[in-house]
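A.B. asks: The structure follows.
2 protein chains.
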Amino acid sequence: IDTQKYFVVSLNNIGGCHGSTGPTTILSKTKKPFGSSFPEVSVIDWVNTQYLLMNYLKIECWEMVAGGSLGGMQALQWAISYPNKIKKAAVIAASPRISSQNIALNEVAREIIRKDENFHDGNYMQNNTKPKKGLKAARMLGHITYLSESNMSKRFGRRLQDPVTKLDEKINYEVENYLQYKGEQFSETFDANSYILMTKAMDGFDPAKKFNGDLVKCFKKIKARLLIASFNSDWLFPKEYSMEIQIAAIKAEIKSSYIELEGDYGHDSFLYYSDEYSTALKSFLENNE
Amino acid sequence: IDTQKYFVVSLNNIGGCHGSTGPTTILSKTKKPFGSSFPEVSVIDWVNTQYLLMNYLKIECWEMVAGGSLGGMQALQWAISYPNKIKKAAVIAASPRISSQNIALNEVAREIIRKDENFHDGNYMQNNTKPKKGLKAARMLGHITYLSESNMSKRFGRRLQDPVTKLDEKINYEVENYLQYKGEQFSETFDANSYILMTKAMDGFDPAKKFNGDLVKCFKKIKARLLIASFNSDWLFPKEYSMEIQIAAIKAEIKSSYIELEGDYGHDSFLYYSDEYSTALKSFLENNE
Chain A
1 IDTQKYFVVS
11 LNNIGGCHGS
21 TGPTTILSKT
31 KKPFGSSFPE
41 VSVIDWVNTQ
51 YLLMNYLKIE
61 CWEMVAGGSL
71 GGMQALQWAI
81 SYPNKIKKAA
91 VIAASPRISS
101 QNIALNEVAR
111 EIIRKDENFH
121 DGNYMQNNTK
131 PKKGLKAARM
141 LGHITYLSES
151 NMSKRFGRRL
161 QDPVTKLDEK
171 INYEVENYLQ
181 YKGEQFSETF
191 DANSYILMTK
201 AMDGFDPAKK
211 FNGDLVKCFK
221 KIKARLLIAS
231 FNSDWLFPKE
241 YSMEIQIAAI
251 KAEIKSSYIE
261 LEGDYGHDSF
271 LYYSDEYSTA
281 LKSFLENNE
Chain B
290 IDTQKYFVVS
300 LNNIGGCHGS
310 TGPTTILSKT
320 KKPFGSSFPE
330 VSVIDWVNTQ
340 YLLMNYLKIE
350 CWEMVAGGSL
360 GGMQALQWAI
370 SYPNKIKKAA
380 VIAASPRISS
390 QNIALNEVAR
400 EIIRKDENFH
410 DGNYMQNNTK
420 PKKGLKAARM
430 LGHITYLSES
440 NMSKRFGRRL
450 QDPVTKLDEK
460 INYEVENYLQ
470 YKGEQFSETF
480 DANSYILMTK
490 AMDGFDPAKK
500 FNGDLVKCFK
510 KIKARLLIAS
520 FNSDWLFPKE
530 YSMEIQIAAI
540 KAEIKSSYIE
550 LEGDYGHDSF
560 LYYSDEYSTA
570 LKSFLENNE
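Read top to bottom, the protein sequences are chains A and B.
When we follow our numbering, the leftmost residue of the first sequence carries the number 1, and every step to the right adds one.
When we follow our numbering, the leftmost residue of the second sequence carries the number 290, and every step to the right adds one.
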């Protein structure tokens, strides 16, 4: 995206832990953090808060809303909720609703966090502690699902970890060491309540629900053009999810294109640059036929 | 298997927790359980102990060694280690070596267990406690990988859990409730050290390693006929793994057949009866061309 031509607005979601109000925010009344009392939020809530920001910034209409994964869900929800306020939506590595396998993986991650002895039902800040072990293991699990199997095989295969750089004596393989390292890093910087809240928002996303599960009906009022993109190595949100959006878009007679991109990083591919990916986004943004 | 015609010998593995000597066994010297001091074991160790049992039982030659998953690995190892002591090997839902993704998933499960406050470096019995929370979450994760996505979708989809039968107020979906229940059950009956030890044995299985990774060379001395079977819904040990065994068998010029079976339970399918599965095993066992 050429920032000489377009203003880019990028924001944190309510409930997160890197800027916006979230579970770590101190309530002025009680002088205590929200902790587990922070309300559940949904993708629709996020889009609605973004709409408030849009009005505050006096923006009439977005040229494009773009996002990957949970961000792709928000882009799609924008097109549904505010058809007159958005021209294009780039829905990348997303899904019109996640599968029970995805929900199950999210639930295991949450279970791991909740059962950390330092979680204290979410009120760990008041106890001056942090459920780091739980957050670390949850992220290790997440990390596996974000990567593709082929990528893991190429990077690690079955190579044994060099004993000198082992993070723990119980580790045998490089891939274990890598996950331990990544999980540890994450647990230092992320908030456990935010993690739970965000995965719950992902589980709950289901715009077709109000239309008795009929995605086509739900899409009928969309006016924006859609770009729907998936990555070939993504097994968490495989191309079938994106194709479901595309097929519903065709049936609803709205403008949309679907593209399957090459990507070597599984679900995480949307975070990495490639010429193909960049070209697809750029021409979608600049082409107004 | 017609037990009027064949004697079936079925045994627990050393290191397990349902019979054979394992981490919960009390050492006569110290009057304490092995706990984490129980040595690491490998698939080769298991096959060797089974060979001792074979001699003890005065069995000259197995008609067939059959097993699924870690059991399939043992069947294959039997054919490699003792070519004159086995006529047939049924290698079901197995792999000649597991992928880094599998290792990573196993490591996350172990991490969850080890970080349970009640784990005490594996010496929880001495502390009169049990890392049940960790074992439960590890099993929940395992359970997802054993099931197929289609099976989960059919059984649970995105149905919300009935509030009356909720196991925990934080649960939203049926699939979450089911996993919590299954995990809880497992954590009551299984031993955490055994779980760690068994997944390590699975990670370590790699018969081709001694042959510089050349599976064909490794298979050269096999005399047994092989039946190699995978299940169409198994994503943990997909058919590619079984086909790798079959292709190496063909190149090594040993007798083998490969079959992909229908199964609706993912990796767990090998535990369930189907006519097709039963017929395949039966005709393999009874046909001596």
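Even for Gly, the Cβ is constructed at its ideal location relative to N, Cα and C.
(1) Beta-carbon separation of Lys130 of chain A and Ala224 of chain A under 8 Å?
(2) Between the alpha carbons of Phe500 of chain B and Phe508 of chain B, how many angstroms are there, rounded?
(3) Can you pull the chain A residues whose beta carbon is under 8 Å from the beta carbon of Lys422 of chain B, in chain order?
(4) Provide the residue span of the beta strand (DSSP E) that contains Glu551 of chain B, from first to last.
(5) Give the DSSP-derived three-state secondary structure of Val380 of chain B in the structure shown.
(6) What are the residues in the region 85 to 119 of chain A lying within 7 Å of chain B by C-beta distance?
(7) Would Glu176 of chain A pass as an interface residue toward chain B - the criterion being a Cβ-Cβ separation below 8 Å?
(8) What does Ser153 of chain A reach in chain B if we use C-beta pairs closer than 7 Å?
(9) With 8 Å set as the bound, which would you pick, yes or no: does the beta-carbon of Phe156 of chain A sit closer than that to a beta-carbon of chain B?
(10) Once you ignore the five residues that flank Lys132 of chain A on each side, which residues in its own chain have a CB closer than 6 Å to its CB?
(11) How would you list, in chain order, the residues of chain A whose beta-carbon sits under 8 Å from the beta-carbon of Asp492 of chain B?
(12) Taking the DSSP output, what are the residues bridged to Gly68 of chain A?
(13) Give a yes or no on whether 8 Å exceeds the smallest Cβ distance from Glu149 of chain A to chain B.
(14) Using 10 angstroms around the beta-carbon of Gly305 of chain B, count the other beta-carbons present and answer buried if the total reaches 16, otherwise exposed.
(15) Hey, is Ile433 of chain B's beta-carbon within less than 8 Å of any beta-carbon in chain A?
(16) Along chain A, in chain order, which residues have C-beta atoms closer than 7 Å to that of Asp523 of chain B?
(17) How do the region 482 to 489 of chain B and the region 303 to 317 of chain B stand: do at least 3 beta-carbon pairs fall below 8 Å, yes or no?
(18) Report the three-state DSSP secondary structure of Ser231 of chain A (helix, strand or coil).
(19) Please report how far the alpha carbon of Asp268 of chain A lies from the alpha carbon of Tyr561 of chain B, in whole angstroms.
(20) Using a Cβ-Cβ cut-off of 7 Å (strictly less than) and excluding sequence neighbours within five positions of Val47 of chain A, which residues of its own chain qualify?
(21) Rounded to the nearest angstrom, how far is the Cβ of Tyr173 of chain A from that of Asp451 of chain B, given a contact under 8 Å?
(22) Compare the Cα-Cα distances from Trp62 of chain A to each of A:Pro238, A:Val9, A:Ser69, A:His143 and report the closest residue.
(23) Which residues in the same chain as Ser439 of chain B place their Cβ atom closer than 7 Å to its Cβ, once the five residues preceding and following it in sequence are excluded?
(24) Take Glu329 of chain B and list the residues in its own chain whose beta-carbon comes closer than 7 Å to its own, dropping the five residues that flank it on each side.
(25) Can you tell me which residues form a DSSP beta bridge with Trp351 of chain B?
(26) Pull out every residue of the region 493 to 516 of chain B whose Cβ sits closer than 8 Å to any Cβ of chain A, in chain order.
(27) Strictly by DSSP, which residues pair up with Arg428 of chain B?
(28) Using DSSP with H/G/I as helix, E/B as strand and the rest coil, what is Arg514 of chain B?
(29) Give every residue of the same chain whose Cβ lies closer than 7 Å to the Cβ of Phe323 of chain B, excluding the five residues on either side of it in the sequence, and list them in chain order.
(30) Leaving aside the five residues before and after Ile460 of chain B along the sequence, list all residues of the same chain whose C-beta is less than 8 Å from its C-beta, in chain order.
(31) Applying the criterion that 16 or more other CB atoms from any shown protein chain within 10 Å of the CB defines a buried residue, is Gly360 of chain B buried or exposed?
(32) Answer yes or no: does any C-beta atom of chain B fall closer than 8 Å to that of Met140 of chain A?
(33) If you measure between the beta carbons of Ala252 of chain A and Leu226 of chain A, is that distance less than 8 Å?
(34) Decide if Glu286 of chain A is buried, meaning its Cβ has at least 16 other Cβ atoms within 10 Å, or exposed.
(35) What does the Cβ neighbour count give for Asp291 of chain B, buried or exposed, with the cut at 16 atoms within 10 Å?
(36) What do you get for Asp191 of chain A, buried or exposed, if any count of 16 or more other CB atoms within 10 angstroms of its CB means buried?
C.D. replies: On the basis of the data shown:
(1) For Lys130 of chain A and Ala224 of chain A, no; Cβs fall outside 8 Å.
(2) Cα to Cα, Phe500 of chain B sits roughly 10 Å from Phe508 of chain B.
(3) Correct list: Lys115.
(4) Unbroken run through Glu551 of chain B: none, as it is neither H nor E.
(5) Strand.
(6) Going along the region 85 to 119 of chain A in chain order, one finds Arg97, Ser99, Ser100, Gln101, Ile103, Ala104, Leu105, Glu107, Val108, Glu111, Ile112, Lys115, Glu117 with a Cβ nearer than 7 Å to chain B.
(7) With 8 Å as the cut-off, Glu176 of chain A counts as an interface residue toward chain B.
(8) Chain B residues near Ser153 of chain A: Ser388, Ser389.
(9) The beta carbon of Phe156 of chain A falls within 8 Å of a beta carbon belonging to chain B, placing the residue at that interface.
(10) Excluding residues within five positions, the ones whose Cβ falls inside 6 Å are Ser187.
(11) By Cβ distance, chain A contributes Asn172, Tyr173.
(12) For Gly68 of chain A, which the question treats as bridged, DSSP gives the partners A:Ile92.
(13) Answer yes: the Cβ-Cβ gap between Glu149 of chain A and chain B drops below 8 Å somewhere.
(14) Flag for Gly305 of chain B reads buried.
(15) Contact with chain A is found for Ile433 of chain B, since one of that chain's Cβ atoms lies less than 8 Å from the residue's Cβ.
(16) Using a Cβ-Cβ cut-off of 7 Å, Asp523 of chain B is close to nothing in chain A; its nearest Cβ partner there is about 14 Å away.
(17) Counting Cβ pairs under 8 Å, three or more are found: they touch.
(18) Reading the sequence as shown, one finds Phe at residue 231 of chain A and not Ser. Of the three classes helix, strand and coil, the one that applies to Phe231 of chain A here is strand, per DSSP.
(19) Computed Cα separation, rounded: 36 Å.
(20) Cβ neighbours of Val47 of chain A beyond the five flanking positions: Gln74, Gln77, Trp78, Ser81.
(21) Wrong, their Cβ atoms sit about 42 Å apart, outside the cutoff.
(22) Comparing Cα-Cα distances from Trp62 of chain A to each of A:Pro238, A:Val9, A:Ser69, A:His143, the minimum goes to A:Val9.
(23) Result list for Ser439 of chain B: Ser522, in chain order.
(24) So the list reads Leu486, Lys489, once near-sequence residues are dropped.
(25) Its beta-bridge partners are B:Ile375.
(26) Residues passing the 8 Å Cβ filter: Gly493, Asp495.
(27) Bridge partners of Arg428 of chain B: none, in fact.
(28) The answer is strand: DSSP assigns Arg514 of chain B an E or B state.
(29) Counting only Cβ-Cβ distances below 7 Å, and skipping sequence neighbours, we find Pro312, Thr314, Leu316.
(30) Once the five neighbours on either side are set aside, the close Cβ partners of Ile460 of chain B are Gln450, Asn466, Gln469.
(31) Buried, since its Cβ has 16 or more Cβ neighbours within 10 Å.
(32) Yes, its Cβ sits closer than 8 Å to a Cβ of chain B.
(33) No. Outside cutoff.
(34) For Glu286 of chain A, the number of other beta carbons within 10 angstroms of its own is below 16, and it is reported as exposed.
(35) Asp291 of chain B comes out exposed.
(36) That one is buried.
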